[in-house]
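Enquirer: In this note's numbering, the protein residues as written are 111 to 276. One structure follows; several queries about it will come next.
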């Protein structure tokens, strides 16, 4: 469907995000299993649970827009997840794999931050404060997850990978 209005564009973007989140939900267990870092495993598990809630929030968003919740295939998330999965076949040492998994998880988070930031701005521009608040809640969670991944990388995982290389 070609967007003819701001509301149409918002709905199309929400459909893309809806599919992206569902793809991410399927990917997290594999990323958790591949990680050797307990902190990283816990981060993936926590964000997986958050993502389940985010999918529910997206359903609420569609309801606020009087639209049936459905996804539109998100090629971007598919590509990001495919790249993360490719890492698992490279035979990287566990410590280095954790470093690479964080980088790829952050790419996924940055995509979601951009997507939620955009739809939040659309909702604000349209004056739909209920929808804007709903989307902002998820946007903040995505930013928090990105910051946590960065902290795990800097404080733990990167140092372990450097020690293994020495």
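The beta carbon of each residue, even a glycine, is placed where N, CA and C say it ideally should be.
What would DSSP say about residue 202, mapped onto helix, strand or coil?
Expert: For the purposes of this step, residue 202 is taken as the residue at position 92 of the chain shown. The answer is coil: DSSP assigns residue 202 none of H, G, I, E or B.
Enquirer: Do the CB positions of residue 225 and residue 141 come within less than 8 Å of each other?
Expert: For the purposes of this step, residue 225 is taken as the residue at position 115 of the chain shown. For the purposes of this step, residue 141 is taken as the residue at position 31 of the chain shown. Result no, Cβ atoms of residue 225 and residue 141 do not sit closer than 8 Å.
Enquirer: If you run the structure through DSSP and keep just helix, strand and coil, what is residue 192?
Expert: The residue you call residue 192 lines up with position 82 of the chain shown. In this structure, residue 192 counts as helix in the three-state DSSP scheme.
Enquirer: Would you grab the beta carbon distance between residue 191 and residue 263 for me? Rounded to a whole angstrom, and I think it's under 8 Å.
Expert: Reading the chain shown from its first residue, position 81 is the one you call residue 191. Reading the chain shown from its first residue, position 153 is the one you call residue 263. About 19 Å; that fails the 8 Å criterion.
Enquirer: Are three or more beta carbon pairs between the stretch 174-184 and the stretch 120-127 nearer than 8 Å?
Expert: yes
Enquirer: So the candidates are 128, 189 and 242; which of them puts its Cα closest to the Cα of residue 215?
Expert: Counting from 1 along the chain shown, the entry for residue 215 is found at position 105. Comparing Cα-Cα distances from residue 215 to each of 128, 189 and 242, the minimum goes to 189.
Enquirer: Using a Cβ-Cβ cut-off of 6 Å (strictly less than) and excluding sequence neighbours within five positions of residue 314, which residues of its own chain qualify?
Expert: No answer is possible for residue 314: it lies beyond the span of the chain, which begins at 111 and ends at 276.
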